[in-house]
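Inspection log for the structure reproduced underneath, given as structure tokens.
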Amino acid sequence: MFTVEKTSELLRCLESPVDLPKILRKRKFLKEALLQRTPRLTCRVAVLGGSTSAQVKSALEVFLLNRAIKPEFYESEYGRFSEEVLFDNPELEAFQPQVVYIHTSYRNLRTLPSVGATLKDSNIAVEQELARFRAIWKKLGERFPSCTIIQNNFELPAQRPLGNLEAGCHSGRVTFVNRLNFGFAEAASNNSKLFINDIQSIAADLGSEKWFDANYWFSYKLAATPFACAAIGSSLANIIAALYGCTRKCLILDLDNTLWGGVVGDDGVANLKLGSETALSESYLDFQHYVKELKARGILLAVCSKNEESAALDGLRHPDGVLRPEDFAVIKANWSPKHENIAEIAATLNIGLDSLVFVDDNPAERDIVRQNLPQVLVPEVGADPSQFATILERSGCFEVVSVNDEDLQRTRYYEENNVREQLQAGFKDYGEFLASLQMEGEVKPFCPVYLDRITQLTNKTNQFNCTTRRYTRAEIDQIAEDPRYIHLYGRLKDRFGDHGLISVVVGEIEGDALHIVLWLMSCRVLKRGMEDAMMNVLERHCQARGLRKVVGVYAPTPKNTMVAGLYGQLGFKKISEEPSGATTWHYHLPAECSLRNHSIEVEVK
């Protein structure tokens, strides 16, 4: 058994910046230590290799366990990635993978152009390779409709017979690989079940000397070095974690010597190092640009700084900075311990501590937060601002598999909620407050334009979530097409703004009953009556299908106690309760629909 201290020390190698050599040496011990934790979910992963894949699989297992995902693996024989898919395979059929990873590389290309090949020759070769992989993806979709496919693109070749001309002529191998990678990217953009593991970028990041070693290929059929295989495993784990919502939502930032050089309270705004005057000031500006991009794609930003609030706000208004006070959902600038402020930020945003990332140049502050809030990710960013963005990027904590309208508007949602909370303080009667919001809802069956957002909600919502089941986009697609299911999404807006898509209900029909397998709602619309509106519409759909009963299940987790009594509040009768606290509820459908919602004007279909 590992002591808490030894486990913590050992697992530090998995934090950003990741210590790949140590992970390679300590894989067995890391796995044992991580298995002491209780995983949030399990995932069946089929690894279909164009080269020996054991090293990648081993690294992937460690990185997934570190994300609280326990994998089960099916691994093909070396080089049989296409045969495993295109021909009958009872073992793979029995495994029923949730994720299929195709571990191919430059070594698996069959139709490399020869020196002097014409444009026509090159076009034919590219199309032949693309057609081969399209056939694999199509067959996987037919055999396993609810599985997600992760496909490597291709690293650039180690040898370039034409030298630099490789990148600029039709017969160049570099040109050929780049065209293939573009074709893979296009395929992924048109296939919601296909995702690219960008090994071209990973290889460029590591460098060819750390990626290639011909001896490993000739001796062991390893297309990349063990070191590179560990990096591939890390990248794969990031994608799978993102598919299941095991990523972070909020970046909390220190200010002094993190977003700018100097101490704003002592040096004054005019003397801060921020801008393009020096290498140091430009490094801080570059990091601010990176953070601004994270915010633009939906990551919430917050400040946690030991400063007077007025000084902090002055620093955020620096004329050469790009981050402004309005970019942050919460600003905590005071002299309280940072771990206390961080806990308050999580409470204010109504998200878990395991959704937070904290960046601070001060190693003492980083350690204090780690010790007091172990759920918060605290990258070891060091004190060099030129490296902050790179280290944060390599952590994979903000990996994304899609970006939707709700992501782009997330900070605005929180700003509008602050206005609503201020308005609520002026009302003594809560019903009058709800009426003053002039809420309008939309509750309809799933439609293609919202499937990414629905998938995202199923994987990120923890508090108002009766069963906490997780679904990939491929599985949501299956539900949307299956007549055995009743599926509804809910949108809500009011006079202050549009909340977007904030609720999902899925039920499976069995006989004359609908069994609710998923009911969730974003916490930013709690106590608005949206659950009543959803139940009203669900009841109508059940009656239209001739059903007589609705069955609901509450499966308790450490985070979802708020919905323990949801079904009782909606008129269900509790049928059973297990020692774990799980409960089952029945609702017998009346002849006419009940009217529960009185605050939201609902558009239905």
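Heads up: the sequence shown begins at 1 in UniProt numbering, then just goes up one per residue.
Note that the Cβ used here is the ideal one computed from N, Cα and C, for glycine as well.
Keep in mind it's a predicted model, so treat the numbers as computed, not measured.
Output yes or no for whether 8 Å exceeds the beta carbon distance between residue i and residue j.
i	j	result
A311	G265	yes
L377	V357	yes
V369	K338	yes
T225	L300	no
E15	P379	yes
A513	R548	yes
L140	I149	yes
P157	Y106	yes
Q288	V322	yes
E603	G441	yes
L130	G183	yes
P385	Y290	no
S234	G396	yes
C13	K26	yes
If distances are taken between C-alpha atoms only, which option among the options comes closest to residue i?
i	options	result
I351	T472, N271, F29, T461	T461
A480	V506, F328, T467, V369	V506
C304	S219, L253, A347	L253
R528	S503, P113, L538	S503
D327	F388, S395, A544, Q409	Q409
C523	H487, R67, L457	L457
F464	V537, F433, Y567, A425	Y567
C447	I476, N271, R107, L34	I476
P483	E508, A185, C466, D367	E508
H170	R143, Q128, D121	D121
V381	R134, D367, L130	D367
L48	L194, S386, L92	L92
D267	W217, S219, H318	H318
E282	F218, L119, Q387	Q387
S599	I239, Y74, S436, S8	S436
L194	N164, C397, A135, E155	A135
residue 619	E601, N536, E9, L589	Summary: the structure shown does not reach residue 619, with the chain confined to residues 1 through 605, and so no result is reported for it.
N178	N123, R143, S192, Y216	N123
F154	K138, P145, A185	A185
R394	L501, L35, F95, A237	A237
Just the C-alpha distance for residue i and residue j, rounded to the nearest angstrom, thanks.
i	j	result
N190	L451	14 Å
A125	G172	12 Å
P445	S355	30 Å
A46	I199	18 Å
I516	R473	19 Å
L392	K221	33 Å
Y244	F496	32 Å
A231	P17	12 Å
E577	T583	4 Å
N307	V550	54 Å
V443	H586	22 Å
M562	S402	29 Å
Y413	E531	19 Å
R470	G552	17 Å
G546	K574	23 Å
G315	V269	6 Å
F176	A187	17 Å
A555	N417	29 Å
F29	A364	28 Å
residue 612	A33	Nothing about residue 612 can be read from this structure; the chain reaches only from 1 to 605.
Would you kindly report the start and end of the unbroken beta strand (DSSP E) that includes residue i?
i	result
V505	497 to 510
E308	Counting along the chain, E308 falls outside any beta strand (DSSP E), and DSSP gives it neither H nor E.
T42	41 to 49
T583	583 to 588
H170	H170 -> no beta strand (DSSP E), and no H or E assigned at all.
F328	Note, F328: premise wrong, no beta strand (DSSP E); not H, not E.
N152	148 to 152
M521	513 to 521
E601	600 to 604
H103	99 to 103
Kindly indicate the opening and closing residues of the alpha helix (DSSP H) around residue i.
i	result
H339	338 to 349
R134	119 to 143
R410	410 to 424
N215	214 to 220
R453	451 to 460
D494	Taken as a continuous stretch (DSSP letters only), D494 belongs to no alpha helix (DSSP H), being part of the beta strand (DSSP E) at 485 to 494.
F81	81 to 86
Flag residue i as yes when its Cβ comes closer than 7 Å to any non-hydrogen atom of the ligand HEM, and as no otherwise.
i	result
Y413	This structure lacks the ligand HEM; in fact it carries no ligand of any kind.
Sufficient close CB pairs (3 or more, under 8 Å) joining the stretch 264 to 279 to the stretch 98 to 105: no
Do three or more CB pairs link the stretch 197 to 212 to the stretch 114 to 123 at distances below 8 Å? no
Using 8 Å as the threshold, is the stretch 533 to 548 in touch with the stretch 485 to 493, meaning 3 or more CB pairs across them? yes
Can you find at least 3 beta carbon pairs, one from the stretch 27 to 43 and one from the stretch 65 to 74, that sit closer than 8 Å? yes
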